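Chains as they are written, first to last, in our numbering: chain L, 25 to 236; chain V, 25 to 236. Backbone N, C-alpha and C fix where the C-beta goes; we use that ideal spot for every residue, glycine too. Quantities reported herein were computed from a predicted structural model and do not represent experimental measurements.
Number of protein chains: 2
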Amino acid sequence: MGKENISMSVIRRMPRYYRYLCELENNGIMRVSSKELSTRMGFTASQIRQDFNCFGGFGQQGYGYPVSQLKQEISDILGLTSKRKAILLGVGNLGRALLSISFDKMGFDLCGTFDVNSRVVGTEIKGYTVLPYSDLKEFCEREKPEMAIICIPASAVSKVSDDLISYGVKAFWNFSHYDISMRHPDVCVEGVHLNDSLMTISYMLNSDEVSE
Amino acid sequence: MGKENISMSVIRRMPRYYRYLCELENNGIMRVSSKELSTRMGFTASQIRQDFNCFGGFGQQGYGYPVSQLKQEISDILGLTSKRKAILLGVGNLGRALLSISFDKMGFDLCGTFDVNSRVVGTEIKGYTVLPYSDLKEFCEREKPEMAIICIPASAVSKVSDDLISYGVKAFWNFSHYDISMRHPDVCVEGVHLNDSLMTISYMLNSDEVSE
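Here is the structure:
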């Protein structure tokens, strides 16, 4: 199977397939061809077949894919039922917003939220009690979270990421502007850089105008 | 210069260069070589020179780049001082969190926020008064926003994006799971799909384990 050779662009398309298949299932559709998926998703049918072949292929040629089974296969590939423990650091505006995510449907069990701000520590936000940083080490030793969601200021991330890795954390969902993968190249880091994304839109609008 | 031929991957690196140059400037550093930038950012020096050459190149060979000037050039390329009008639709958890962004530093002037929920319409959130959807058309005709931030449920996006485009909106920052670019292939859409991002982490942790 050689899963380790699957490119990140294939992997990044899998959640999108999964979402579309959930929609199809919700609409009572039992079977879908790569051609139909292609029309709905904007990838070519051959791209879709190639993507699925990376994981051994699903379904029989000419019969289309059975929706529920394909959805289940992709869910298994993505590990969506694994309930890996995760923690969230920093319950500012963005951290709070992220607490509304259905982590359990995305492969995670959010088991702890942390902040340094004494005004929020001890309070309950969306069902999660905010713990102080001073509890972090003991908490990690006991609960063994594998993933940390970083919503703290960039200046604090270098120390905190060192600590978390030493406590056994293996992956980061990084919303800060600190570049964790420069410091820890071997750790899995998925960065979401909202400012960069916004600047990209600014560029596109700007260059449209320049070229008009 | 043929700016229209610059690849999206080059463009997506520009905000990151900009961020690093701001840091250097804040630290009082006046001049930086592509080699130094390379060590800090994890790109090769030749990649950096190539990226800058897409925009005509900055600085002289062997002398390094003057930090403030380079920062200013990239700011101009990204249009960060253009103050293009933007509106935000949907002030749920995520929408609220986004209201904390310094839009003015990223090329935008957030001039209106909208929601359908009568409990929030009319209230003020972080200095923005939430307007009802019924005002959207008139507001757009008057203010002419170019960009819309979409934080509303996927089921509502097809209608709302049609409306916004007819009111002159040219770009979307899309946080919903509705695929605006499938419906409007000619419009600039920058999607931020948090669930997809989270599923990607789940995949990476899962495949690590499988291959161990």
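Just the C-alpha distance for residue i and residue j, rounded to the nearest angstrom, thanks.
{"i": "F138 (chain L)", "j": "D75 (chain L)", "result": "38 Å"}
{"i": "E214 (chain L)", "j": "G103 (chain L)", "result": "16 Å"}
{"i": "L94 (chain V)", "j": "A172 (chain V)", "result": "30 Å"}
{"i": "S185 (chain V)", "j": "G119 (chain V)", "result": "17 Å"}
{"i": "N219 (chain L)", "j": "Q96 (chain L)", "result": "35 Å"}
{"i": "L222 (chain L)", "j": "S158 (chain V)", "result": "27 Å"}
{"i": "L48 (chain V)", "j": "V140 (chain V)", "result": "44 Å"}
{"i": "S142 (chain L)", "j": "V154 (chain L)", "result": "10 Å"}
{"i": "K59 (chain V)", "j": "G81 (chain V)", "result": "15 Å"}
{"i": "K168 (chain V)", "j": "A195 (chain V)", "result": "12 Å"}
So, at 6 Å on beta carbons, what are the nonlocal neighbours of residue i in its own chain, with the 5 sequence-adjacent residues on each side left out?
{"i": "V34 (chain V)", "result": "D75, C78"}
{"i": "Y41 (chain V)", "result": "I98"}
Can a CB atom of chain L be found closer than 8 Å to the CB of residue i?
{"i": "C212 (chain V)", "result": "yes"}
{"i": "F82 (chain V)", "result": "no"}
{"i": "D186 (chain V)", "result": "no"}
{"i": "V216 (chain V)", "result": "yes"}
{"i": "H201 (chain V)", "result": "yes"}
{"i": "N219 (chain V)", "result": "yes"}
{"i": "E97 (chain V)", "result": "no"}
{"i": "G136 (chain V)", "result": "no"}
{"i": "G151 (chain V)", "result": "no"}
{"i": "N198 (chain V)", "result": "no"}
{"i": "E148 (chain V)", "result": "no"}
{"i": "N51 (chain V)", "result": "no"}
{"i": "S124 (chain V)", "result": "yes"}
{"i": "E236 (chain V)", "result": "Caution is warranted here: a pLDDT of 48 is assigned to E236 (chain V), below 50, making its placement in the model unreliable, and no coordinate value can be reported."}
{"i": "Y41 (chain V)", "result": "no"}
Specify the secondary structure class of residue i as computed by DSSP and reduced to three states.
{"i": "D149 (chain V)", "result": "In the sequence as presented, Asp is not what sits at residue 149 (chain V); that position holds Ile. Strand."}
{"i": "N51 (chain V)", "result": "coil"}
{"i": "C46 (chain V)", "result": "helix"}
{"i": "I101 (chain L)", "result": "helix"}
{"i": "V181 (chain L)", "result": "helix"}
{"i": "F127 (chain L)", "result": "helix"}
{"i": "V34 (chain V)", "result": "helix"}
{"i": "R143 (chain L)", "result": "coil"}
{"i": "I204 (chain V)", "result": "helix"}
{"i": "T137 (chain V)", "result": "strand"}
{"i": "C78 (chain V)", "result": "coil"}
{"i": "E170 (chain L)", "result": "coil"}
With 8 Å set as the bound, which would you pick, yes or no: does the beta-carbon of residue i sit closer than that to a beta-carbon of chain V?
{"i": "M38 (chain L)", "result": "yes"}
{"i": "F132 (chain L)", "result": "yes"}
{"i": "S182 (chain L)", "result": "no"}
{"i": "H89 (chain L)", "result": "At residue 89 (chain L) the sequence reads Tyr, which differs from the His that was named. So, not an interface residue."}
{"i": "E167 (chain L)", "result": "no"}
{"i": "Y227 (chain L)", "result": "yes"}
{"i": "G192 (chain L)", "result": "no"}
{"i": "G103 (chain L)", "result": "yes"}
{"i": "L48 (chain L)", "result": "no"}
{"i": "R143 (chain L)", "result": "no"}
{"i": "T68 (chain L)", "result": "no"}
{"i": "R73 (chain L)", "result": "no"}
So residue i and residue j are supposed to be a Cβ contact under 8 Å. How far apart are they, rounded?
{"i": "G114 (chain V)", "j": "C175 (chain V)", "result": "4 Å"}
{"i": "A180 (chain V)", "j": "H201 (chain V)", "result": "Wrong, their Cβ atoms sit about 12 Å apart, outside the cutoff."}
{"i": "K109 (chain V)", "j": "E170 (chain V)", "result": "6 Å"}
{"i": "G192 (chain L)", "j": "C164 (chain L)", "result": "6 Å"}
{"i": "T55 (chain L)", "j": "V91 (chain L)", "result": "The sequence given here has Arg at residue 55 (chain L), not Thr. About 6 Å separates the two Cβ atoms, so the contact holds."}
{"i": "M206 (chain V)", "j": "G88 (chain L)", "result": "At roughly 20 Å, the Cβ-Cβ gap does not stay under 8 Å, so M206 (chain V) and G88 (chain L) are not in contact."}
Output needed for residue i: all residues of its chain with C-beta closer than 8 Å, excluding positions within five of it in sequence on either side, in chain order.
{"i": "S124 (chain L)", "result": "K150"}
{"i": "K161 (chain V)", "result": "D187, Y191"}
{"i": "R37 (chain L)", "result": "F67, D75"}
Residues in its own chain within less than 7 Å of residue i by CB, not counting five upstream and five downstream?
{"i": "P39 (chain L)", "result": "L102"}
{"i": "G116 (chain V)", "result": "C175"}
{"i": "H208 (chain V)", "result": "S185, I189"}
Contact criterion: CB-CB distance below 8 Å. Does residue i meet it with respect to chain A?
{"i": "L118 (chain L)", "result": "Within the model displayed, chain A is absent; protein chains L and V are what it includes."}
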